[in-house]
Structure formats: C-alpha cells, structure tokens
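Enquirer: What follows is a structure written as structure tokens; I'll ask about it next.
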Amino acid sequence: MSKVFIAFQANEDSRPVIEAILEDNPDAVSTTSPAMVKIDCKDRLVIRRESIESRIGRSFDLQEIQLNLITLTGHLDEDDDQLTLSWKR
Amino acid sequence: MATVAISTYVFEPKDKVENFRGKQLLYIGWEDHLMYCAPLAFPFPGAMPFKAILEQVLPGCYGAHPDFARVDWSTVEWFKSGTSWHPDYDKSIAENGLGHKDVIRFRTPGLNGINGTCS
Amino acid sequence: MDMEASKKKLGLKERYNHLTRGLGWETTYQPMEKVFPYTRYEGIKIHDWDKWEDPFRLTMDAYWKYQGEKEKKLYAIIDAFAQNNGHLGVSDARYINTLKLFIQGVSPLEYMAHRGFAHVGRQFDGVSARIACQMQSVDELRHAQTQMHTVSNYNKYYNGMHSWRHWHDRVWYLSVPKSFFDDAMSAGPFEFVVAISFAFEYVLTNLLFVPFMSGAAYNGDMATVTFGFSAQSDESRHMTLGLEIIKFILEQDPGNVPIVQRWLDKWFWRGYKVLTLVSMMMDYMLPKKVMSWKEAWEIYGEQNGGALFNDLARYGIRKPKGWEQASIEKDHLSHQAWSTFYNYGAAALFHTWTPTDGEKDWLSAKYPDTFDKLYRPRFEHWEQQAKEGKRFYNGTLPMLCTTCQIPMFFTEPTDPTKICYRESDYKGDKYHFCSDHCKDIFDYEPEKYVQSWLPVHQIYQGNCFNPGVDPTVPGFDPLRAVLDYYHTNFGRDNFDFEGSEDQKNFARWHGDDAGGA
C-alpha cells in the first residue's frame, strides 16, 4: 500500500478545505502538529471545488489552496473542478 | 569515467603537494576514541621525525582525553590506509614512506574510550 | 458589458495550453541546437517537449496574483513581529541558533537556486519547461529575500547572523551546502533539474522545511513559521514539478533511464549528506522538540520515498544506492553531527552545548538502541569537564571527505564505533571519503572533485587569512586568524551557549538575570 499526503497551514482558510477533503475521502486521516495539518490517504486523494464552495458560501478557485499548502506527495492532476493526488495511474 | 562536458574538462588538483608551501598533509586517527569526532589533518614537513608527532604534536591534540596519558607508544598498533603498518619512530615521516595525504591510524590496546564506549 | 461578462471564461487547461503551446516557435534564422546549445551533450534524448506539463497548470496571471497574496500575508506578520518584540517570544535563546544555521546554510542556497533556475529557464528547448523554471527562479529569489527580511529582525538582537553571505563562501561547515549547490550548478541543465527539482525538492525537502517550521512554531517563532510556510507553499509546486520532470525524461527515451538512475544515486546521497545539519537541529538544537530525526526519516524518507520509488519501478528506476545506508544511519546521524560541532564549537558561528538531563532522557527514549550505549557517556563526560571549567574544544582541524566536504565523522554502516574510511588514487594523488557513496561519486567524475575547495586544506595552504597577515611571526594563532578572515565577532558568535552574550541578554530581557541587574 502506498499513501499520498497533503499538508496545510493550520488556519481559517484551510479549515473548510480540510473538512471537504475528510468528507470526500473516507479513508483520509488527518494529523495535527504545530501550525500544520497533514492528511494521509491510501493510494488516492481528491479535493473537490464544489465541496469547498458549499462550506464557504462563495465561489472558490482551486488554485487558492496554494496559498496555504505546505507539502504534498503523489502524482498531481488539477483542473477547474478537482485536484487529485494518486500513486496508481 | 570522464565528466560529461561541452569542451575539454581537465583541471589542476586544488590540493597538490606544491600548494602546501614545503609541507605535506598527513591524516591521523585514534581508533576507539570518538570523543574526537574525526581523524585530524596536519601539514608536516616530510623531513620531520616521526617521533616528533608522538612527543610534540599529539599530546596537544589528544591530551584532553583521560586515556591519552596512559598511551604506551611501544605497544600501539598502527594502520596505514587501513592495513597493519610498522613505523620506525626514529626515522622521518618521508623515510617511513608517508606521502602527501596519506592516512594513518593508531589503536591503543586496553584503552577503549570513556567507560569503554569508544568515545 | 453583459455580452462580455456572459462569455465563458477559458478553463484552466485551455489557459495553460495557450501560454505554453501557443507562444513557442521553432527558430529559423539559427538552428534550434545553436539557440539551445546545452540540452544535448548530457546524453538525454528528448523527442517531444510538449509532453512536459506543470500539473498545477499555473499561468502567469495566477502566479503573480497568488504570489502577491503570499507576500502580503507574510509581511503583515513580519511587521507585527517587529512591532511586538517578537524576538523575546521564543522558547529559549538556544532556539535562535537554529535560525543562525538556517540563514548561514539554507538561505544562500535559495539564492543559488534562483540563479540556477534562471539559467535552465533560458536553456531548455520546451516552452513549458522554461516557464516552470522561470517561475521557480522568481520563487527562489523571493525565498532568499523573505528569509533575509525575517532574520534581520533577529539580527538586531542576537549574534551569529551578521555576515552570512560572506560566510557562505568561506566558513568550513558552510562549504557543505555551498559545494552541494555548486556541484549542481556546474552540471548540465538536465542533471541540474534532476538534482535540485527531484532529488532535493521532491525526495528530501520535506525533511528540511517541515521539521524546521514545525519546530519554529513549537518554539514560539511565528515569523519563521510564516516565511517557512510561505516558501513551502511554493515548494509544493516545485516538488510536483520535480516528479513531472523525472517522468518526462524517463518517458521520452529508454536510453535516458540509466543516466537518470546514476544522477539519482549521486544526488540522493549529496542531498542526504547536507541534511546532516537538519538532523542535529531537530534532535539537539530545538529546545522544544517536534519529532526526532529518526521519526522524520521514517515518515518522509522511508515511507514516502518508498511509495515514490515503488511507483517509479515501472520505468526501471530503483531506489538510490545510498537508501539503505541512510536508514541504518538514522540512529546515529544527529548524535555524531552534534558531537562534531561540539568539538569545533570555537570555530562555529553559532553556539553549541550539551543536552540537559531532560533532553538526554528524550534522546534515550527516541533512540533506545544507541543513545545510552554510545552517545550519552560522551555528553556526560563533556558536561562534567565543563563543570570543572575544562569545556572540551578540539583544537586541531579535521580530515574532510573530498566529495561532501563533511569532517570524516561517519561510522561504518556495520560498526558505529569505527570511523568509515574510504580512499581512491587518481593521477598520483590520494583522495579520501566518508562513505562508499561519496567515493563512487568521485570515482565517476574525479576531474570534477579534484577541484574541491576543502576548507581545512585551504587553511593549511595559507589561503584563509586576511591580506597582510604573517603566519610566520612568533605566537601566531592560526585559529584566531582564520576567524578574523571569516569576519567573526570573536567571543560573541562562537563558543558554548553557556556564558554567551545571547544567553545573558535573553535572561536580562526577561528580567531573570541571576546577577540581579
């Protein structure tokens, strides 16, 4: 089994993103360390724009997550609607 | 292998012996005494007696170790580039066959560092 | 107006394609290989540059917008830091020494990365490759600048940060990161991106920034957390690019695979050696510790790297040669590194110390197989000596590894009580190494490493004294003369933390001066 992960700065901007990830990826596990939240997930993890928008009540450009991104691993694919990290392609 | 390059790639070594103003480099390590984190580097004239290293140089370098005062140079085991070696203390560094950037180590049987931990 | 607004905006992929496919052209006045003269001699074959893609698909408008926002966030915090005496808020003045190590050892590399990516951002034939490298070049310049700005606030109050640029080219331990980057910069553009984007950014950078910044957060240093994470947000993009670069090169031609594998073997090991400094920072220099080097290596090295190399196996790529040895060394690296700086604390431009009793217990718990057996007795001996007024300093310069330039303190993978000695003969001279892998790197390209500017040898050649200094006068003190050449504030920047000006000032600023002043 290979894990992908993504980590965000622990702040208000990141909160809805993290919530959306945890809901959309049932296997995802988050770990909090000083100033940082890291989310690990088996093989594949998806961030969906709509899930974030439904939480913040405004339109959201997925590229905004770059402002609070700390690190990630896996192959990345991003379009207007979702960002995917995966090991199996 | 040669370095892949866009043109001829040949350079003078930065540490050729001519750059050391009449001296040559010698590295010395004390086995089982890692309180001294790494072997030491010295610039010595080749004509310097080997004995001078033991009597005049190393006490200043290793003297802070509690084992050093108990070193008996007559029973010390020497290694040059890792293989057993027998220097003649009365001859010079060069006469002992030591060239530029040679590395020698000595082991002091019975002395194994702080509390025997090789520190 | 309504017509304009209702017109469907271009999607992310379309925008990126317009930028990276629409704006390039094949040159006609001069052949492409003369316009891009450095992308063929390394032996890498590229058949279709359009296969290179930034997975984030960042376009220039988005790039400037988001980078601008990052800067605003960062400078708001730096201002608040300066206005609120942020320099007093850290856990302990010992913590500041991690910042010294950072500004001395890491920030100059950010600037070198800026230069390196500006260079390859001109040299690659493909437009998307050039754009990605140019963005990264601007990122790296931003990192260097924001780090300088942040640390400048500390420099007003603490020693050891005033001449870091001067030090980078001269000071013995800084030749380790410097030579690492110079090695990459003097290679061809493909080796450079494999070295920096992939081996360093992708495989190793998590081990540099995440522990440093989490450590800063845990020790009350919000300014550093902010510049660190601000830089790290770019780093995520660089890492992603690093993985894409590898896939791109490997997919272009099967002949590229062995070349890339050799670069991975080399650059994994070169990068890992530089991280030696991080290991001791995590285990010894942070007053409040986040995780041990061993734990960090297990998470970011073994686990994450393992997933990565499993994935790359489909191209015929295996783990770098030094991988297993790095895992063996995880129980020893930080202890041996900190011991070395403790040895040479008179010549280091930050303070060193022996761990407190609580810290020693933490180290025992984190390193149950090695700390009590091998390293605790060493530190306790030094602690005792210092109590008796005989703080141990090693006054003789160490033997260095020709490749990584680190003092030869690494032990045999099979025996942690024996120094690992390796050597090669080349054109009548001997060269020495700390490990099989550093020897392999030399043996493959000896002509490159015969040029190594090894600080110890340079000092003995007389090249590290100020002009006019006469080393033949009676009573000449070479260590002092070298530290003058370094521009050291002697007695303030160096020596033990105990009794340092930093320690006294911090206590005084907090009103707990033992002298009652």
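Protein chains in written order, with my numbering: chain A, 1 to 89; chain B, 90 to 208; chain C, 209 to 725.
Where a beta carbon is used, it is the ideal one built from N, C-alpha and C, also for glycine.
Quick caveat: nothing in here was measured; it's all calculated off a predicted structure.
Under 7 Å Cβ to Cβ from G313/C, same chain only, skipping five residues before and after it: list those, please.
Expert: Once the five neighbours on either side are set aside, the close Cβ partners of G313/C are L382, P385 and L485.
Enquirer: In the DSSP assignment, find the unbroken alpha helix (DSSP H) run with C150/B in it and report its ends.
Expert: First-last of the alpha helix (DSSP H) with C150/B: L147 to Y151.
Enquirer: Checking 8 Å against the spacing of the C-beta atoms, do E144/B and F195/B come in under that value?
Expert: No, they are not a contact pair.
Enquirer: Could you tell me which of W380/C, H351/C and S336/C sits nearest to P323/C, measuring between CA atoms?
Expert: As written in the sequence, residue 323/C is Arg, which differs from the Pro given in the question. Cα-wise, what sits closest to R323/C is H351/C.
Enquirer: For F168/B, which three-state DSSP category applies?
Expert: If DSSP states are grouped into helix, strand and coil, F168/B belongs with the strands.
Enquirer: Reducing DSSP to helix, strand and coil, say where Y249/C ends up.
Expert: Reduced to three states, the DSSP call for Y249/C is coil.
Enquirer: Check the C-beta distance from W505/C over to Y550/C and give it rounded, since I have them as a contact under 8 Å.
Expert: Not really, about 22 Å apart at Cβ, beyond 8 Å.
Enquirer: Using DSSP bridges, identify the partner residues of R350/C.
Expert: Answer by DSSP bridge pairing: none, since R350/C is not bridged.
Enquirer: Quick check: is the beta carbon of Q82/A nearer than 8 Å to any beta carbon in chain C?
Expert: It does not; no Cβ of chain C falls within 8 Å.
Enquirer: Which parts of the region 299-331 of chain C are runs of the alpha helix (DSSP H), unbroken and 4 residues or longer, counting only runs that do not cross its ends?
Expert: The region 299-331 of chain C contains these whole alpha helix (DSSP H) runs: 304-313 and 315-331.
Enquirer: Any beta carbon of chain A sitting closer than 8 Å to that of V498/C?
Expert: True, the Cβ-Cβ gap to chain A drops below 8 Å.
Enquirer: Using 10 angstroms around the beta-carbon of Y237/C, count the other beta-carbons present and answer buried if the total reaches 16, otherwise exposed.
Expert: Per the 10 Å Cβ criterion, exposed.
Enquirer: When you compare the CB of R196/B with every CB in chain C, is at least one pair closer than 8 Å?
Expert: By this cut-off, R196/B is not an interface position.
Enquirer: Measure the Cβ-Cβ separation of P209/B and T164/B and say whether it is below 8 Å.
Expert: A question about residue 209/B goes unanswered here, because the residues of chain B that appear run from 90 up to 208.
Enquirer: Within 10 Å of its beta-carbon, does S170/B have 16 or more other beta-carbons around it, so buried, or fewer, so exposed?
Expert: Burial call: exposed.
Enquirer: Please give me, in chain order, every unbroken run of the beta strand (DSSP E) with length at least 3 that falls completely inside the region 22-70 of chain A.
Expert: You should have 29-33, 36-42 and 44-48.
Enquirer: Considering just the uninterrupted stretch of the alpha helix (DSSP H) at H665/C, what are its terminal residues?
Expert: P663 to Y668 is the extent of the alpha helix (DSSP H) around H665/C.
Enquirer: Using CA atoms only, rank isn't needed, just tell me which of G294/C, L691/C and V681/C is closest to I667/C.
Expert: Cα-wise, what sits closest to I667/C is L691/C.
Enquirer: Considering only C-alpha positions, which residue in the set L296/C, L266/C and G276/C is nearest to A715/C?
Expert: Nearest C-alpha to A715/C: L296/C.
Enquirer: Using the C-alpha atoms, what's the distance from Y575/C back to D519/C?
Expert: Each residue's Cα considered, the two are about 31 Å apart.
Enquirer: Please report the distance separating the alpha-carbon of R445/C from that of C341/C.
Expert: The alpha-carbon atoms of R445/C and C341/C are separated by roughly 11 Å.
Enquirer: Between I52/A and the rest of its own chain, which residues show a CB-CB distance below 7 Å, the 5 nearest in sequence each way excluded?
Expert: Taken in chain order, the residues that qualify are P16, V17, A20 and F60.
Enquirer: Quick check on G723/C - is its C-beta less than 8 Å from some C-beta in chain A?
Expert: Bear in mind that the predicted position of G723/C carries a pLDDT of just 47, short of 50, making it too unreliable to give a figure here.
Enquirer: Looking only at its chain, what residues have a beta carbon closer than 8 Å to the beta carbon of A28/A, apart from the 5 residues adjacent to it on each side?
Expert: Cβ neighbours of A28/A beyond the five flanking positions: I21, L22, I39, D40, C41 and L45.
Enquirer: Flag G171/B as yes if its beta-carbon sits less than 8 Å from any beta-carbon of chain C, otherwise no.
Expert: Yes - at least one Cβ of chain C is within 8 Å of the one on G171/B.
Enquirer: Helix or strand or just coil, what does DSSP make of K574/C?
Expert: K574/C falls in the helix class under three-state DSSP.
Enquirer: Which residues in chain C have a C-beta closer than 7 Å to the C-beta of R159/B? List them in chain order.
Expert: Result: empty, since nearest Cβ-Cβ is about 16 Å, beyond 7 Å.
Enquirer: Assign P419/C to one of three DSSP states: helix, strand, or coil.
Expert: Note: P419/C maps to helix in three-state DSSP.
Enquirer: Determine the burial state of F698/C: buried for a count of at least 16 other Cβ atoms within 10 Å of its Cβ, exposed for fewer.
Expert: The residue in question, F698/C, is exposed, as its Cβ has fewer than 16 Cβ neighbours within 10 Å.
Enquirer: Examine the Cβ distances between the region 431-450 of chain C and the region 366-380 of chain C and report whether three or more of them are shorter than 8 Å.
Expert: Not touching, per the Cβ criterion.
Enquirer: Which of the residues in the region 381-399 of chain C, read from start to end, lie with their CB under 9 Å from any CB of chain B?
Expert: The region 381-399 of chain C vs chain B, Cβ under 9 Å: A395, G396 and E399.
Enquirer: Tell me the DSSP secondary structure of A7/A in three-state form.
Expert: Three-state result, A7/A: strand.
Enquirer: To the nearest angstrom, report how far apart G723/C and A290/C are at their CA atoms.
Expert: Residue confidence for G723/C is low, a pLDDT of 47 falling below 50, so the modelled location carries little weight and cannot support an answer.
Enquirer: Quick one: does I627/C have its CB under 8 Å from some CB of chain B?
Expert: Answer yes: the Cβ-Cβ gap between I627/C and chain B drops below 8 Å somewhere.
Enquirer: Helix, strand or coil: which one does DSSP assign to V482/C?
Expert: Helix, per DSSP.
Enquirer: Pick helix, strand or coil for S181/B, following the three-state DSSP scheme.
Expert: Three-state result, S181/B: strand.
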